Amino acid sequence: MASSSPSDHKATIIDGKAIAQTIRSEIAAEVRHLSEQYGKVPGLAVVIVGTRKDSQSYVSMKRKACAEVGIKSFDLDLPEDVSQSDLICKVHELNANPDVHGILVQLPLPKHINEEKVLSEISLEKDVDGFHPLNIGKLAMKGRDSLFLPCTPKGCLELLSRSGISVKGKNAVVVGRSNIVGLPVALLLLKADATVTIVHSRSSEPEKAIREADIVIAAAGQPMMIKGSWIKPGAAVIDVGTNAVDDRSRKSGYRLVGDVDFHEACKVAGWITPVPGGVGPMTVAMLLKNTLEGAKRIIVQ
Ligand code: NDP
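Quick look at the structure:
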């Protein structure tokens, strides 16, 4: 058999859509079991304020995903001009509702509402987005376990483990340090015993750090910033970036690309996630999983 030259190399594509579907089937089976055994199903409240098209489409996707696995969704659609105190009252009602095991407030909220204040009102036991400072704080501390892990970071680790990629002892580079992706994914990798470097917008020579990485998690929101030549041969590349770039050949006028130059990276990496179809579907699957886990803590005593 002819040996393959570097130009023939093709990374294994990590199919996030298929992995997410498997996870959703597992969740559906567990929900059925809870229903048969305890006569109860998990409940997720999805709160949306206003009529932003992107938020509406994310919310309807999440509600549909709930219905598919048997999670009861509690829909709260509030007008754009709802006051902060009325919104907080609604959150308190959901906190007190025993059939609601998870509460998600779709971001961004209108400018007159303080997001941080609203999110901090969500009961820690129902914080399925995992954004509560106490949940993030516990993630950062040795020997502590947060009640919920943020969905996208949790999805990244799940993609690695379900693809048979071990993290322990590996050099991992996270590009981005946001509260919702970069920072928590770095903390999760650290908990999983990787040696972690975080690259951000003020880092000098990001490519130098990335070239050393066995695992790259790209979450910068910079279209195709990471070139193939930056990737260590055989590395695992998880591309969280979801960036719309102009594309006149599409009816919509745009297409989605990641933070990694996918075609270049495919020739070097060992594994890579596509955009779309990589991390995105996992985020919703992890939301369902968090809701199930929250419900099990209450229902299965
Ligand atoms: P933010 O804009 O909040 O954070 C971006 C981070 O990247 C910041 O820490 C920033 O650094 C860093 N950064 C920006 N430019 C560079 C650069 N040139 N080099 C190195 N680091 C850089 O974005 P999010 O974390 O919310 O999202 C990141 C990406 O992931 C986006 O494309 C978003 O759409 C996508 N996303 C996808 C999800 C999914 O489910 N697939 C879910 C959530 C996000 P600094 O801190 O110095 O400003």
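Per the working numbering, the sequence shown starts with residue 11, numbered consecutively.
All residues carry an ideal CB built from backbone N, CA and C; glycine is no exception.
Since the structure is predicted, the reported quantities are computational estimates derived from the model, not experimental observations.
Could you give the first and the last residue of the continuous beta strand (DSSP E) run that contains residue i?
i: Lys82; result: Lys82 to Leu88
i: Gly53; result: Gly53 to Val59
i: Ile6; result: Residue numbering for the chain in the displayed model covers 11 to 311; residue 6 lies beyond these limits and cannot be assessed.
i: Gly112; result: Gly112 to Val115
i: Val185; result: Asn181 to Val185
Alpha carbon to alpha carbon, what distance is there between residue j and residue i?
i: Lys20; j: Lys72; result: 33 Å
i: Asp155; j: Val195; result: 15 Å
i: Leu134; j: Cys276; result: 41 Å
i: Gly26; j: Leu169; result: 7 Å
i: Glu46; j: Val184; result: 42 Å
i: Tyr48; j: Arg307; result: 13 Å
i: Asp96; j: Asn189; result: 26 Å
i: Val115; j: Val285; result: 25 Å
i: Thr22; j: Ile225; result: 14 Å
i: Ala279; j: Gly244; result: 5 Å
i: Leu104; j: Ile98; result: 10 Å
i: Ser259; j: Met292; result: 28 Å
i: Ala30; j: Thr205; result: 27 Å
i: Val310; j: Leu297; result: 19 Å
i: Gly165; j: Ile248; result: 10 Å
i: Ser130; j: Lys201; result: 25 Å
Would you decide whether residue i is buried or exposed? Buried here means 16 or more other CB atoms lie within 10 Å of its CB.
i: Ala295; result: buried
i: Gly153; result: exposed
i: Ser262; result: exposed
i: Arg212; result: exposed
i: Ala12; result: Bear in mind that the predicted position of Ala12 carries a pLDDT of just 47, short of 50, making it too unreliable to give a figure here.
i: Asp271; result: buried
i: Asp203; result: exposed
i: Gly174; result: exposed
i: Pro163; result: buried
Go to residue i, then tell me how far its alpha helix (DSSP H) extends in each direction, as first and last residue.
i: Asn300; result: Val289 to Ile309
i: Gly26; result: Gly26 to Tyr48
i: His102; result: Gln94 to Ala106
i: Ala77; result: Lys63 to Val79
i: Gly165; result: Cys161 to Arg172
i: Phe272; result: Phe272 to Cys276
i: Gly147; result: Pro143 to Ala150
i: Pro284; result: Careful: Pro284 lies outside any alpha helix (DSSP H) and carries neither H nor E.
i: Val138; result: Run containing Val138: none; DSSP gives neither H nor E here.
To test your reading of the DSSP string, which unbroken alpha helix (DSSP H) runs of 4 or more residues are found completely within the segment 218-264? none
Is it a yes or a no for the segment 298-307 touching the segment 254-271, going by three-plus beta-carbon pairs under 8 Å? no
Are at least three pairs of beta-carbons, each pair with one atom in the segment 56-67 and one in the segment 115-127, less than 8 Å apart? yes
For the 8 Å Cβ check, are there 3 or more pairs between the segment 137-147 and the segment 102-110? no
Spell out a yes or no on whether the segment 239-259 and the segment 208-227 are touching, meaning 3 or more CB-CB pairs, one atom from each, closer than 8 Å. yes
At a cut of 8 Å, does the segment 226-236 reach the segment 244-257 through at least three beta carbon pairs? yes
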